[in-house]
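S.K.: Structure provided below as structure tokens; questions to follow.
2 protein chains.
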Amino acid sequence: MAYILSVEDAKKIAEKLNYRHNGLVTVIAQDFETNEVLMVAHANREAVEKTLTTGKVHYWSISRGKLWLKGETSGNYQILKEIYFDCDLDAILVKVQQIGAACHLGYKSCFFQKPENLKNG
Amino acid sequence: MAYILSVEDAKKIAEKLNYRHNGLVTVIAQDFETNEVLMVAHANREAVEKTLTTGKVHYWSISRGKLWLKGETSGNYQILKEIYFDCDLDAILVKVQQIGAACHLGYKSCFFQKPENLKNG
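If you read the protein sequences in the order shown, they are chains S and A. Counting in this note's numbering, the first sequence runs from 4 upward without gaps. Counting in this note's numbering, the second sequence runs from 4 upward without gaps.
Here it is, written out as structure tokens:
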């Protein structure tokens, strides 16, 4: 079961956030069962509202300049289970059920690179 | 015990990162024992090097425009235990021993605000 809010509540929440990094907030996705950090990306107000009303995590793709439903092409959706906002209201933590891999390279988490990979690479 | 690298290795790693968000990478701090996400902030190349060579997490404070050793005024240092880099090399996950609270409001984690707080607030 996804965590879903009404359009009215979603709008109330989305309008209170501080989109201060070029109109965006930072979004961290964490596995709701293992607490593994999966990825970090950004969201604009529309993406926040869509996430809350659909129960599937949406981002703003900076590189493509468009709304991005995570999994829209890969099928690797992030089902929203819990959501938290930080003290400054400019960052969001979404706890999700990750369908498949979060990383486009096939890894469960994007944070798979260790110092050894970089210092020797 | 903090995770510490030599200056040479720290420089090799720091030079490979993509500081593409206004010269910064995103840094997520996570409790190394509980996996609780504590905060998210940013780092420039100098902050990455300082983190790796001192074993205490350093950020770049966007609001103050300066290098920021987390805990330098509060004593709430973040002792580096593990570090991971994401697929795009523009985000870092630091697993830390958090001394005291991560949040300047006294909460262990900055992500203490629930939807209920915002939609009724």
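Glycine is no exception: its CB is placed at the ideal position from the N, C-alpha and C atoms.
#1: How should K2 of chain A be labelled, buried or exposed, when 16 other C-beta atoms within 10 angstroms of its C-beta is the threshold for buried?
#2: Since F35 of chain S meets chain A, which of its residues come closer than 9 angstroms, beta carbon to beta carbon?
#3: Looking at the structure shown, is T3 of chain S part of a helix, part of a strand, or coil, going by DSSP?
#4: So is Y87 of chain A in contact with chain S if we call contact Cβ pairs under 7 angstroms?
#5: Which stretch, first to last residue, makes up the beta strand (DSSP E) that contains A94 of chain S?
#6: From the beta carbon of K73 of chain A, is the nearest beta carbon of chain S less than 7 angstroms away?
#7: Going straight from the alpha carbon of E119 of chain S to that of L8 of chain S, what length do you get?
#8: If I follow the unbroken beta strand (DSSP E) through E85 of chain S, where does it start and stop?
#9: For L108 of chain S, which three-state DSSP category applies?
#10: In the DSSP output, which residue or residues are listed as bridge partners for I31 of chain A?
#11: Taking the alpha-carbon positions, what's the L96 of chain S to K98 of chain A distance?
#12: Looking at C-alpha atoms only, which residue of S:C106, S:Y6, S:L27 is the closest neighbour of F35 of chain S?
#13: Identify every residue that forms a DSSP beta bridge with Y126 of chain A.
M.R.: In short, the structure shows the following:
#1: The question about residue 2 of chain A has no answer, for chain A in this structure spans 4 to 124.
#2: Residue 35 of chain S sits at position 32 when you count from the first residue of the first sequence. For a Cβ distance threshold of 9 angstroms, nothing in chain A lies close to F35 of chain S: the least Cβ distance comes to about 12 angstroms.
#3: Examination of residue 3 of chain S is not possible in this model, given that chain S is present from 4 through 124 alone.
#4: Looking up residue 87 of chain A in the second sequence gives position 84. Chain S has a Cβ within less than 7 angstroms of the Cβ of Y87 of chain A.
#5: Counting from 1 along the first sequence, the entry for residue 94 of chain S is found at position 91. Per DSSP, A94 of chain S belongs to the beta strand (DSSP E) from 94-101.
#6: Here the question's residue 73 of chain A lines up with position 70 in the second sequence. False, the Cβ-Cβ gap to chain S never drops below 7 angstroms.
#7: Counted from its first residue, the first sequence places residue 119 of chain S at position 116. Counted from its first residue, the first sequence places residue 8 of chain S at position 5. Computed Cα separation, rounded: 43 angstroms.
#8: Translated into positions along the first sequence, residue 85 of chain S becomes position 82. Counting along the chain, the beta strand (DSSP E) containing E85 of chain S begins and ends at 81-88.
#9: Looking up residue 108 of chain S in the first sequence gives position 105. Three-state result, L108 of chain S: coil.
#10: Translated into the one-based positions of the second sequence, residue 31 of chain A becomes position 28. Answer is A:V43, A:L96, bridged to I31 of chain A.
#11: Position 93 of the first sequence holds residue 96 of chain S. Position 95 of the second sequence holds residue 98 of chain A. Each residue's alpha carbon lies about 16 angstroms from the other.
#12: By 1-based counting over the first sequence, the position of residue 35 of chain S is 32. Checking every option, the nearest Cα to that of F35 of chain S belongs to S:Y6.
#13: Since the displayed chain A opens at 4 and closes at 124, residue 126 of chain A lies outside it and no answer follows.
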